[in-house]
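Trainee: My questions will all concern the structure given below.
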Amino acid sequence: MVTRAQRQYFNPDVLFQFRDIEKPVQSHLKNVYSLLSVGLIVATIGATLYTLSPAVQSWAFSLMLLSTVTSIGSLMHIYMTEHSRENLQNRIISFLLFTFSTGLGLGPLVHFASNFNPSTIPAAFLGTALIFVSFTIASLITRKRYFIYLGGILSTTLGVMLTFGLMNIFLRSEALFHVELYLGFAVFCLFIVYDTQMIVFKRQNGEDDFVK
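Numbering (the numbering used here), first residue to last: 154 to 365.
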């Protein structure tokens, strides 16, 4: 019998008890997060290439345009091709091309941040990693998949935020800017939980596409 004193203390082992997740789902999550990790590395290479190379920076506008077209094209290829063993390699290449072009497109922003305040980049990286890991674990240890019903609410909130952003172009309201900032932070934290549970839910229903 568990004593009252034992119940008062937090058991860290609970965080890693994913026994209610089936083996195929665990394997699928491993594939998803492995590919995501490789994609983040490739995106970092793209952003670093722009930041450290004056020759690349001299072609900033052309590269921004090229990265946008490449990102859209590779993303369309991923969504328009069927997930199969024959197409897997091409779809992974398209995904890595998407992440590289996205990282290259973010290069000017990273370059500006590194010149303005170099500590911004590692702080943003560590903060994002901590938030992502925390909310992913929270999603996986939740036995009931209630968060899969958040999709409509989150999409609607994104629409509201877009409207606020367009309004603030003309209003120049600092208060509205802070509403966008903190509301956006909350929404994208919830998107981590929602997307993780959707990955689990879809795999439990037979979908094994870990690229899309």
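Glycine included, each C-beta is placed from N, C-alpha and C at the ideal position.
If G258 sits next to S224, beta carbons under 8 Å apart, how far is it from one beta carbon to the other, in whole angstroms?
Mentor: 7 Å
Trainee: If you check the beta carbons only, do V346 and L188 fall under 9 Å apart?
Mentor: no
Trainee: Tell me which residues share the same chain as I231 and place their Cβ nearer than 7 Å to its Cβ, disregarding the 5 neighbours each side in the sequence.
Mentor: For I231, where only same-chain residues beyond five positions count, the Cβ hits under 7 Å are R244, S247, F248, V364, K365.
Trainee: Suppose you measure from the CA of L193 to the CA of T252; what does that come to, to the nearest Å?
Mentor: 7 Å
Trainee: Using CA coordinates, which residue listed in V332, I301, L307, A276 is at the minimum distance from F354?
Mentor: I301
Trainee: Would DSSP call I174 helix, strand or coil?
Mentor: Three-state result, I174: coil.
Trainee: Does DSSP put N270 in a helix, a strand or coil?
Mentor: Reduced to three states, the DSSP call for N270 is coil.
Trainee: Please confirm if the region 272-291 is in contact with the region 334-352, defined as three or more CB-CB distances below 8 Å between the two stretches.
Mentor: yes
Trainee: How many Å lie between S254 and S227 at the Cα?
Mentor: 10 Å
Trainee: Helix, strand or coil: how does DSSP classify E327 here?
Mentor: helix
Trainee: Please classify A277 as buried or exposed, where buried requires at least 16 neighbouring CB atoms within 10 angstroms.
Mentor: Result: exposed.
Trainee: Could you say which of F323, T197, F344, Q242 lies nearest to G284 if we only look at CA atoms?
Mentor: Rather than Gly, the amino acid found at residue 284 in this sequence is Ile. That would be F344, whose Cα lies nearest to the Cα of I284.
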